[in-house]
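S.K.: Numbering (the numbering used here), first residue to last: 1 to 382.
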Amino acid sequence: MGQNEKWNSLIEQTYGENAVKLTRYALSKTEHNFDMGKLEQMSRSIPDGYVIKLMDGADYDLCAQNDWSYDNIANFSSREEFCREGVGVCCLYKGELVCAATPYCLFDDGIEIEIDTHPEHRRKGLARACAAKLIMECINKNLYPSWDAANKASLSLAVSLGYVPAQPYTAYYIAQPGKRPTRSKVIAANFENEEISAKMTTGEGRGLCVLFPGMGYTCDRPLLHFTQKIALSKGYDVLALSYGKIPTTLREARCERVTQEVVAKCRALLEAAGASRYDNIIFAAKSLGTLAAGALGQDVRQIWYTPVEESFANFDSDKCIVFTGDADPLLGLDRLRELGCLGSDKVTVVERAGHSLDVADPLASLEILRCVTERVQKFFDE
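1. Leaving aside the five residues before and after alanine 231 along the sequence, list all residues of the same chain whose C-beta is less than 6 angstroms from its C-beta, in chain order.
2. What separation, rounded to the nearest whole angstrom, lies between the Cα atoms of alanine 158 and tryptophan 147?
3. Mapping the DSSP letters down to three states, classify asparagine 72 as helix, strand or coil.
4. Ignoring anything shorter than 3 residues, give me the beta strand (DSSP E) runs that lie fully in the segment 98 to 154, in order along the chain.
5. What did DSSP end up calling leucine 270 once you bin it into helix, strand or coil?
6. So is the beta-carbon of leucine 161 under 8 angstroms away from any non-hydrogen atom of the ligand FAD?
7. Check methionine 200 in the structure and name its three-state DSSP category.
8. By the 10 Å Cβ neighbour count, where 16 or more other Cβ atoms means buried, how is isoleucine 174 classified, buried or exposed?
9. In chain order, what residues of the same chain have a beta carbon less than 7 angstroms from the beta carbon of glutamate 12, not counting five sequence neighbours either side?
10. I'd like to confirm the pairing. Which residues does DSSP put opposite aspartate 237 in its beta bridges?
11. What did DSSP end up calling tyrosine 172 once you bin it into helix, strand or coil?
12. Once you ignore the five residues that flank serine 69 on each side, which residues in its own chain have a CB closer than 6 angstroms to its CB?
13. Nearest CA to the CA of lysine 185: which residue from Ser43, Ala285, Leu241?
14. In the DSSP output, which residue or residues are listed as bridge partners for asparagine 190?
15. Which class does valine 372 belong to by DSSP, given the choice of helix, strand or coil?
16. Drop a sphere of 10 angstroms on the beta-carbon of methionine 42, count the other beta-carbons inside from all chains shown, and report buried for 16 or more, exposed for fewer.
17. So what does DSSP say about threonine 23, is it helix, strand or coil?
18. First and last residue of the beta strand (DSSP E) that includes alanine 388?
19. According to DSSP, serine 184 sits in a beta bridge with which residue or residues?
20. Whole angstroms are fine: how far does the CA of valine 322 sit from the CA of leucine 366?
21. When the distance is taken between beta carbons, is valine 51 closer than 9 angstroms to leucine 92?
22. Please confirm whether glutamate 271 and alanine 189 have their CB atoms less than 9 angstroms apart.
23. From this set, Val89, Gln3, Thr218, Met1, which residue's C-alpha is nearest glutamine 65's C-alpha?
24. Taking the C-alpha atoms as reference points, what is the distance between threonine 290 and arginine 221?
25. From the DSSP secondary-structure annotation, give me the bridge partner or partners of cysteine 90.
26. With glutamine 302 and lysine 319 assumed to form a contact (beta carbons below 8 angstroms), what rounded beta-carbon distance in angstroms separates them?
27. Between which two residues does the alpha helix (DSSP H) harbouring glycine 37 extend?
28. Considering only the beta carbon of each residue, do alanine 166 and leucine 27 sit closer than 9 angstroms?
29. Exposed or buried, what is alanine 284 when buried is set at 16 or more other beta-carbons lying within 10 Å of its beta-carbon?
30. What separation, rounded to the nearest whole angstrom, lies between the Cα atoms of leucine 339 and lysine 346?
31. How far does the beta strand (DSSP E) with isoleucine 246 in it reach, from first residue to last?
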């Protein structure tokens, strides 16, 4: 953010097309028109069947399991930290998380508000209701609920809640110098009357990296997040898939019927994204995702993170590298031994690591992530 127009001019001159110009809308930090009665009424103005509540540890876990809600808890290191230092409001529908208002970050005597709503439950007043309840909770705790609007819709919502506009300001997203800035767009497809989507981030088009998430392990989680960063740094475009509505337990998700559905959805999204036009493709898959990646990419180089045992029906040791833990209950080492993979440079087995490829010691988990990231970076260069 430039301090004034001269700074903005300098930013644009220095970074050229790598400076992506954005307009944001500041809200006053000293003036507001908060009306507790009106806020209380807003917090209750939701359709039948929806429930607004203060967040607890279980709700934190729900946020962590979804792409659309991960930013709500992204800057907290654990559910314990969130429950100890954070404050949040969520909306549930039939037990499913559909909206959340939380701190994106904390500061002295206040929070910066983050609100996200499930795409299928938008335009129902859920964001307004959650925000109203969060503002009331902050006021009761002597915390200032700071709001900075990324667009005019966010600005309009803030004003309706009692915020006073300050002024619009210019911000820039700076892409890596020497490279064209990345752009993201939503790839949509229809599967048996269900709208499904994926996120395409375009880099330099030198290839395509496709991310296949797990059930609760989304593309924003560390293993796939750093895979995307590596891919973009190597000039690849990145397609982050999602599976839409699938059963919520991994045991159900591994049955043949659901596996076939996930594979079909991924195939539809790959076709919608135009994957066939790329000569160089890498699949990176986690857990359940290795079932789909293996079925769809017999001729594609692949990275498998904690694969399930059923995936090895499509395993090709010449094209795939594997990372697993010897404490992962979803893959026995006997299967790898049968394939003659143990001890090869294609398979990395992490001692004491479970299905998330981490261990009890957080520093040791970070070291595991560093080693895995280094190996993946080499795989892109091979």
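Glycine residues also receive a C-beta, built at the ideal position from the N, C-alpha and C atoms.
M.R.: Concretely, from the data shown:
1. Along the sequence shown, read from residue 1 onward, the residue named residue 231 stands at position 231. The residues are Cys209, Val238.
2. Counted from its first residue, the sequence shown places residue 158 at position 158. Counted from its first residue, the sequence shown places residue 147 at position 147. Cα atoms of alanine 158 and tryptophan 147: separation of roughly 7 angstroms, rounded to the nearest angstrom.
3. The residue you call residue 72 lines up with position 72 of the sequence shown. Helix.
4. The qualifying runs are 110 to 117, 144 to 146.
5. Taking the sequence shown and counting its residues from 1, one reaches residue 270 at position 270. Helix at leucine 270.
6. The ligand FAD is not part of the structure shown, which contains no ligands of any sort.
7. The residue you call residue 200 lines up with position 200 of the sequence shown. In this structure, methionine 200 counts as strand in the three-state DSSP scheme.
8. Position 174 of the sequence shown holds residue 174. So isoleucine 174 counts as exposed.
9. If you number the sequence shown from 1, residue 12 lands on position 12. Short of 7 angstroms from the beta carbon of glutamate 12, and not among the five residues preceding or following it, lie these beta carbons of its own chain, in chain order: Ala19.
10. For this step, residue 237 is matched to residue 237 along the sequence shown. In the DSSP output, where bridge partners are listed per residue, aspartate 237 has Leu208.
11. For this step, residue 172 is matched to residue 172 along the sequence shown. Tyrosine 172: strand per DSSP, three-state reduction.
12. Residue numbering aside, residue 69 sits at position 69 when the sequence shown is read from its first letter. These residues qualify, in order along the chain: Cys63, Ala100, Asp116.
13. Locating residue 185 in the sequence shown gives position 185, counting from the first residue. The shortest C-alpha separation from lysine 185 is found at Leu241.
14. Here residue 190 refers to the residue found at position 190 of the sequence shown. DSSP output for asparagine 190 lists Glu195 as bridge partner(s).
15. Position 372 of the sequence shown, counted from the start, is the residue given in the question as residue 372. Valine 372 falls in the helix class under three-state DSSP.
16. In the sequence shown, residue 42 corresponds to position 42, counting from 1. Counting Cβ neighbours within 10 Å, methionine 42 comes out buried, since at least 16 surround it.
17. For the purposes of this step, residue 23 is taken as the residue at position 23 of the sequence shown. The three-state reading of DSSP puts threonine 23 in strand, counting E and B together.
18. Within the shown structure, residues of the chain are numbered from 1 to 382, placing residue 388 beyond reach of any answer.
19. Within the sequence shown, the letter at position 184 stands for residue 184. Bridge partners of serine 184: Thr201.
20. Here the question's residue 366 lines up with position 366 in the sequence shown. Here the question's residue 322 lines up with position 322 in the sequence shown. Rounded to whole angstroms, leucine 366 to valine 322 spans 18 angstroms at the Cα level.
21. As a position in the sequence shown, residue 92 is number 92, starting the count at 1. As a position in the sequence shown, residue 51 is number 51, starting the count at 1. Cβ atoms of leucine 92 and valine 51: closer than 9 angstroms.
22. Translated into positions along the sequence shown, residue 271 becomes position 271. Translated into positions along the sequence shown, residue 189 becomes position 189. Yes, these two residues count as a Cβ contact at 9 angstroms.
23. Position 65 of the sequence shown holds residue 65. The residue with the shortest Cα to Cα distance from glutamine 65 is Thr218.
24. Taking the sequence shown and counting its residues from 1, one reaches residue 290 at position 290. Taking the sequence shown and counting its residues from 1, one reaches residue 221 at position 221. Straight through space, the alpha carbons of arginine 221 and threonine 290 are spaced by roughly 16 angstroms.
25. Taking the sequence shown and counting its residues from 1, one reaches residue 90 at position 90. Looking at the DSSP assignment, cysteine 90 forms a beta bridge with Lys53, Ala100.
26. Residue 302 sits at position 302 when you count from the first residue of the sequence shown. Residue 319 sits at position 319 when you count from the first residue of the sequence shown. Yes, they are in contact, since the Cβ atoms of glutamine 302 and lysine 319 sit about 6 angstroms apart, within 8 angstroms.
27. Within the sequence shown, numbered from 1, the residue matching residue 37 stands at position 37. Element bounds for glycine 37: 36 to 44.
28. Position 166 of the sequence shown holds residue 166. Position 27 of the sequence shown holds residue 27. It is a contact, given that the beta carbons lie within the stated cut-off.
29. Position 284 of the sequence shown, counted from the start, is the residue given in the question as residue 284. Result: buried.
30. Residue mapping note: residue 339 aligns to position 339 of the sequence shown, counting from 1. Residue mapping note: residue 346 aligns to position 346 of the sequence shown, counting from 1. Rounded to whole angstroms, leucine 339 to lysine 346 spans 12 angstroms at the Cα level.
31. Position 246 of the sequence shown holds residue 246. Segment: none, isoleucine 246 is in no beta strand (DSSP E) and carries neither H nor E.
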